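Report on one structure; see the data block that follows.
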Amino acid sequence: MRKLPRVVAHRGASEVSPEHTLAAYQRAIEIGADGLECDIRLTADGHLVCVHDRRIDRTSNGRGVLSTMSLAELEAYDWGSWKRPWADLDDEADLPGLDEMKVLTLDTLLATVRDAGRPVELAIETKHPTRYAGLVERRLIEALDRYGWARPKLGSESPVRVMSFSWLSLRRLRTAAPGLRTVLLMDRIPLRFRDGSLPTGVSYAGPSLEIVTAHPEYVDRAQKHGHQVHVWTVNAEEDLRRCREIGVDVVISDRPDVALRVLAEP
Ligand code: G3P
Ligand code: CA
Numbered sequence: 001m002r003k004l005p006r007v008v009a010h011r012g013a014s015e016v017s018p019e020h021t022l023a024a025y026q027r028a029i030e031i032g033a034d035g036l037e038c039d040i041r042l043t044a045d046g047h048l049v050c051v052h053d054r055r056i057d058r059t060s061n062g063r064g065v066l067s068t069m070s071l072a073e074l075e076a077y078d079w080g081s082w083k084r085p086w087a088d089l090d091d092e093a094d095l096p097g098l099d100e101m102k103v104l105t106l107d108t109l110l111a112t113v114r115d116a117g118r119p120v121e122l123a124i125e126t127k128h129p130t131r132y133a134g135l136v137e138r139r140l141i142e143a144l145d146r147y148g149w150a151r152p153k154l155g156s157e158s159p160v161r162v163m164s165f166s167w168l169s170l171r172r173l174r175t176a177a178p179g180l181r182t183v184l185l186m187d188r189i190p191l192r193f194r195d196g197s198l199p200t201g202v203s204y205a206g207p208s209l210e211i212v213t214a215h216p217e218y219v220d221r222a223q224k225h226g227h228q229v230h231v232w233t234v235n236a237e238e239d240l241r242r243c244r245e246i247g248v249d250v251v252i253s254d255r256p257d258v259a260l261r262v263l264a265e266p
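This is the structure:
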């Protein structure tokens, strides 16, 4: 029997919790998600933080470009209340504490995965890495090395894979850490990779939902080349069912609770 797709919580359980906060990730772990997805950006003083946008305006009460700010400046803002009222919180006692609404560092997320009490996958996306001439990748490898996850020892497995729309970013990472698993995100499949092959050094394919909906045969082709297929971002129930039917390996979803329920339907 074919395995069900694994469920990766996109920016945490981001439909109901403020994206990229510790609360969103803890909730995804409690729900039973197989993995977590996060985007990383570099602060002005060289820390990696989990934030999607170039500017902090949408997901905090501050304004400005993240890369011009220090970690201490980012920590002074509130990263949770833009999402109030949370979709399913009707009791004040359920509101996450202040610490959970701070900007989240990659290091804290790595520690959360390590301490989850069960295996949890972590898919880390490098955002606009080419602007930083390799610094994002160097900092990322240093962070992963602190957990033994960039170059896992023989017999141990890293829960981490790194995703990017930039092949250059993935190549830099694989040059520094040849054992690191990588996912090439694609919103279109380049002509030369339509047969399901991938550039050297890329472990898995990361096509958009739109690609696999229009070209479901791509999934089989990539898998025949030995590549898992990780699809983003799958939220609607009919899309989750379709992904199961065409046999993708991973669905990345804002709604891990819904995804787990729908994928387990008889
Ligand atoms: O998981 C890949 C997906 O997150 C890429 O799009 O904009 O949500 O980072 P975005
Ligand atoms: Ca992302």
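Letter 221 of the sequence shown, counting from 1, is numbered 221 in UniProt numbering, and no numbers are missing. Glycine residues also receive a C-beta, built at the ideal position from the N, C-alpha and C atoms. This structure is a prediction, so every number in the text was calculated from the model and none was measured.
- Cβ-Cβ distances below 7 Å link L154 to nothing in the same chain once the five nearest sequence neighbours on each side are left out.
- Inclusion of D249 and S14 in the CB contact set at 7 Å is not warranted, their separation being larger than that value.
- Relative to the non-hydrogen atoms of ligand 1, the Cβ of W167 never comes closer than 6 Å to any of them.
- For Y204, the uninterrupted beta strand (DSSP E) segment begins and ends at 204–207.
- Two segments are said to touch when three or more pairs of C-beta atoms, one from each, lie closer than 8 Å; by this definition the region 25–39 touches the region 105–116.
- DSSP places L109 in the helix class (H, G or I) of the three-state scheme.
- Taken through DSSP and simplified to helix, strand or coil, S164 comes out as strand.
- The criterion of a C-beta distance shorter than 7 Å is not satisfied by L66 and V136.
- Note on the region 30–55: whole beta strand (DSSP E) runs with a minimum of 3 residues are 35–42, 48–50, in chain order.
- Apart from sequence neighbours up to five positions away, the residues of its chain that approach P119 with a beta-carbon distance below 8 Å are P159, ordered along the chain.
- Closer than 6 Å to some heavy atom of ligand 2: that does not describe the Cβ of D57.
- The three-state secondary structure of E125, taken from DSSP, is strand.
- With a threshold of 16 other beta carbon atoms within 10 Å, A9 meets it and is buried.
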